[in-house]
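If you read the protein sequences in the order shown, they are chains B and C. Count along the first sequence from 1, add 104, and you get the number used in our numbering. Count along the second sequence from 1, add 598, and you get the number used in our numbering. All C-beta atoms in this analysis are idealised placements derived from N, C-alpha and C, irrespective of residue type, glycine included.
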Amino acid sequence: MAEQTQKKLGIAERLYTGQLSYDFMKARKFWFTFSAVLVALTLLVLLVRPLNLGIEFKGGTDFQAPMKIGATTVDDVRSHLNDLSVADLEAQVFSLGDSQIRIQTRSLSPEETATTRAEIAALAGVEPGDVTYNAIGASWGQQITKQGIIALLVFMGLVMLLIAAYFRDWKMSVAAIVAVLHDLVVTVGVYAAVGFTVTPSTVIGVLTILGYSLYDTVVVFDKIRENTKDLEQTNHTYSYQANLAINQVLVRSLNTTIIGVLPVLALFVAGATLQSGPLADLGLALLVGMIAGAYSSLFIAAPLLAWLREREPGMVAHREQIERRKKRHEAKAEVKASHHREAVAATATTSPTGTTPSDAQARQQRRTASSRADRKKHK
Amino acid sequence: MATTAKRRRPGVVLTVFLLIIIGMYVIMAATKTWTPKLGLDLRGGQTITLTATNRSVPMESLELARDIIQQRVDGLGVGEASVAVQGDRNIVVSAPNVERDDLAELVGTTAQLAFRPVLQVGAGTGPSGGESPDPSADPSATPSETPLPGLPTAPASPTPTPTATPSGETGDGADSEALLPMSEVLAYQPTEADLADFESFTCGDDTHDDPSRALVACDESGTSKYLLGPIAIRGQDLNTASFGVPQGELAYAVTLDFNSEGTTRLGELTGALVAQAEPRNMFAIVLDGNVESAATAQDRIANGEAIIRGGFTAESSAALANVLKFGSLPLSFEASQVETVSPTLGGEQLRVGIIAGLLGLAVVALYSFLYYRAMGIVVVLSLAVAAAATYSMMVLLGSVFGFALNLPGIAGAIVGIAVTADSFIIYFERIRDEIREGRSLKSALVSGWEKARGTILISDAVSLLSAVVLFILAVGSVKGFAFTLGLTTLLDLAVVFFFTRPLVELLGRTKFFGEGRKGSGLDAAKMGVTQDSLLGRRLRRRTTPSTTTPQEA
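Written out as structure tokens, the structure is:
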């Protein structure tokens, strides 16, 4: 048994027992500021460099043809655009990897599309049937944008209700939504900064992020709720318990995020290397959003919730009570000598635990909040 | 601990769940469908999204429009194309393996319904669709169905009036200005050119639909062709059309109800036609240049309520009534998105999607083994079961509801892997937490589940909520994504509840896992508890509330 306890515990275990703990609450001002700066930066970036909207939002026609791409192919194709019979194509030419050429034009009428398609096919030396095209009317973008925004608002509203109903705490809804909005803005910011084209796949990705970010937040909140049950009967503040909760779910959050990110990374890598635009777009949006989501649930949602809750009169009173109690203890502790070795054995009900690196101490800490409540519940 | 009181039968739950999945595969085997239906972005083809230009469209009209467009697409000889209503103003036409640049234009044009007097009837000899006369699709109403030789009735003096209008394609003729007065319609005589057109016309050729001039058109099956006079009554003047068996009759009939202008013109038209000889006593109902029905005027109809009789079945009368109703609707569509994917590219996208999915599964499995050691087996088995269930659901939904897997759908499923794996992590971490709390492994397996259950439920609920909202509100390919995401989330719940949990419980009864052997992922040392504590042999501890302040890292 001795060996067991002597053995150094893994990070996960030390985090769980509170031996290793990062004070998210104390640093919340820093993180709030950090996030605020991030959001402000995003808005700035958006002003300077607006989102690069795909033709799905602007309207236009996008042709793709298989073509061996050499060093000068794109320029060659570009120089041939004037030979095409349809005037004012406003065409842009890109290469997709080394085997596809992509030509984007303004909105074309069906006849113009047919002509251009055939001419592009001739240019690329393939059958017209091999030229893939995607034509989008000008109103399509408005429509998907509108529907997307409606979906966003409805989802936000419903999820706030859901969280408020499940946790019976509307402040959790507020904190969760703030965190989600943060993720949304940051993801958009990354898109604007990097200059990626926003396509419907991006929109799908961004909308999924909402669900994902909330998912993560909900897991943290679940633990906070558990830790803060019967808070009044403990010597801990809401912030303390919330912080413990964050540390306790840290490993879980990391694992969830890693496991979530892995398949998405696969999506992104496969999409990027094999030139599947939609998959790469989606993968990227999800990747950015998931990481932002993990960050925001730990550094924004939970601290914000704690801050909101600490302002309640009941919480203020509770804090004052703890403060008084602590003073009393300090006075008592003065009398006692330094409390290193023997403190653990001290069994007075309210004595502070020592620093013995044992599992006993670990257990005691937690017994206070959750297990006690558990036992009461199960009786 | 009410839940532990009742006897658990993890083996039974597990078996039943697996049997259900096997059952789905048995159904697949019975119907011989082994692959899900693929969307056009994965197998090549053309997808056209038509958006109604009207601000708001009643659902009923949209459904009618869908039927009409389906007929149009079928009429073009585009095999197995599907037409679906999406959202509140979109109609999506999906035509696999089709390379027709004109398709968007053809399916998207406003339906033009008109009533025109018949001038001549001839045999269609149409090349397209002529060889498959669909009996139900030919609700021609009159006994004059038999192709008549069509004697040229007085090819004489071309009437001066109508030819004065500019020839060629003068729009689609919806504008009322172009409509001739009834007297001129009735007085219209076919010109030489008209007759020549009629002679040389074979069904399937393009028609020039000019409201004030003659029109050569075929019926839907292409068996008869008609030379028709100018438009006598426009579709807009038809209030409604219905079908049914009229009182005192035995056969189905289609009833038309006209507005005041339509009524007046119908009265004049039928009044004039009654006196004529066949085929000139007929008027044709023309939709998009196709003769939907040709009826003989038997009486002057003064009250604006016409009945078309003759050989209708319930189906064919409904079809005609729908055609008439839709043709009279002021609906027009524009092709808001046309997507053409060549089969090569489609296959490529499918390949990439599958690679990404398998890659995702593999990395998640690898990570689970690294982190949870032998418990990773549970993750891998659960993921395998979830994947098998998802696959068969996709196949079955494809054959029952026509669900087609598209590229965003694959992406949704890949994200679904993440959601599914998350549930396991929540569950396993919870078990470990419980052990750290000082519970024995046995009771941790139970209490860990009880606590994880709530978290899994609420987090899946959030995921499901987003899927449902997206599915209902979003348009385009987002729908496919939302659908598979929702499907995988639901299946995740089923797998966690009926597979993972019973499996963990069963494994907990084995020595390897139950005693937390090294490498099982549940060993005491890893979780910072003693072996005794893990096995529930520890002494009773004193519980003392602590006042420790948080340590800082």
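When secondary structure is reduced to three states using DSSP, C/Ala1059 falls in the helix class. Taking 8 Å as the cut-off between beta carbons, the residues of the stretch 268 to 290 of chain B near chain C are Tyr270, in sequence order. Residue contact with chain C for B/Tyr237: present (Cβ-Cβ distance below 8 Å to some residue of chain C). At least 8 Å separates the CB of C/Asp1121 from every CB of chain B. Residues of chain C whose Cβ lies closer than 8 Å to the Cβ of B/Phe259 are, in chain order, Leu1063, Ser1064, Val1067, Leu1068.
Taking the beta carbon of B/Thr360 as reference, the chain C residues within 7 Å of it are Asp1020, Ile1023, listed in sequence order. Between the C-alpha atoms of B/Val197 and B/Arg153 there is a straight-line separation of about 22 Å.
Under the Cβ distance rule, C/Val962 counts among the residues neighbouring chain B, one pair being separated by less than 8 Å. About 5 Å separates the beta carbon of C/Ile953 from that of B/Ala374, a gap short enough to meet the 8 Å contact definition. With respect to chain B, the C-beta atom of C/Val1060 has a partner C-beta closer than 8 Å.
Identification of chain B residues near C/Ala812 by a Cβ-Cβ cut-off of 9 Å yields none; the smallest Cβ-Cβ distance measures about 26 Å. Residue pairing from DSSP places C/Arg714 in a beta bridge opposite C/Ala882. Annotation for B/Gly164: no alpha helix (DSSP H) segment contains it, though the beta strand (DSSP E) segment containing it runs 164 to 170. The beta carbon of B/Tyr342 sits closer than 7 Å to those of Thr332, Leu335, Ala410, Arg413, Glu414, Met419, all from its chain and outside the five residues before and after it, given in chain order. Against chain B, the beta carbon of C/Tyr623 has no neighbour under 9 Å; the closest one sits roughly 25 Å away. Taking 8 Å as the Cβ-Cβ cut-off, the stretch 927 to 952 of chain C approaches chain B at Glu932, Ala933, Ser934, Gln935, Val936, Glu937, Thr938, Val939, Ser940, Thr942, Leu943, Glu946, Gln947, Arg949, Val950, Gly951, given in chain order.
Of B/Ala405, B/Arg206, B/Phe138, the smallest CA-CA separation from B/Asp179 is found for B/Arg206. Taking a contact as a CB-CB distance under 8 Å, the pair C/Leu793 and C/Ile829 does not count as one, their CB atoms being some 19 Å apart.
About 16 Å separates the beta carbons of B/Asn339 and B/Met129, which is beyond the 8 Å limit, so they are not a contact pair. Membership of B/Ser343 in the alpha helix (DSSP H) is indicated by the continuous run 342 to 377.
Segment contact: the stretch 246 to 261 of chain B against the stretch 164 to 182 of chain B, fewer than three CB-CB distances shorter than 8 Å; contact not assigned. DSSP places C/Val950 outside any beta strand (DSSP E); the residue lies instead in the alpha helix (DSSP H), whose first and last residues are 941 to 970. Check the Cα spacing between C/Ile883 and each of C/Pro877, C/Glu876, C/Ser891: the tightest is with C/Ser891. Under the 8 Å criterion on CB atoms, C/Ala721 is classed as non-interfacial with respect to chain B. In the DSSP annotation of this structure, the continuous segment of the alpha helix (DSSP H) that includes B/Gln251 starts and ends at 242 to 271.
Boundaries around B/Thr219 are those of the alpha helix (DSSP H), 214 to 228, since no beta strand (DSSP E) includes it.
When DSSP states are grouped into helix, strand and coil, B/Val439 belongs to the helix group. Under the Cβ distance rule, B/Ser243 counts among the residues neighbouring chain C, one pair being separated by less than 8 Å. When C-beta atoms of the stretch 1074 to 1091 of chain C are compared with those of the stretch 1015 to 1026 of chain C, three or more pairs fall below 8 Å, so the two segments count as touching. Residues of the stretch 303 to 320 of chain B with a C-beta atom less than 9 Å from some C-beta of chain C are Pro304, Ser305, Val307, Ile308, Gly309, Leu311, Thr312, Leu314, Gly315, Tyr316, Leu318, Tyr319, Asp320, listed in chain order. Against C/Thr649, the close residues of chain B are Gly241, Ser243, Trp244, Gln247, in the order they occur along the chain (beta-carbon pairs closer than 9 Å).
A direct Cα-Cα distance of roughly 32 Å separates C/Arg1034 from B/Lys436. The closest CA to that of C/Gly1046, considering only C/Ser1057, C/Asp1058, C/Arg1028, C/Val1093, is found on C/Arg1028. DSSP places B/Ile207 within a strand segment (E or B) once states are collapsed to three. Residues of the stretch 1075 to 1104 of chain C whose Cβ lies closer than 8 Å to any Cβ of chain B, in chain order: Ser1075, Val1076, Phe1079, Leu1083.
In the assembly as shown, B/Met276 is a buried residue. Its beta-carbon has 16 or more other beta-carbons within 10 Å.
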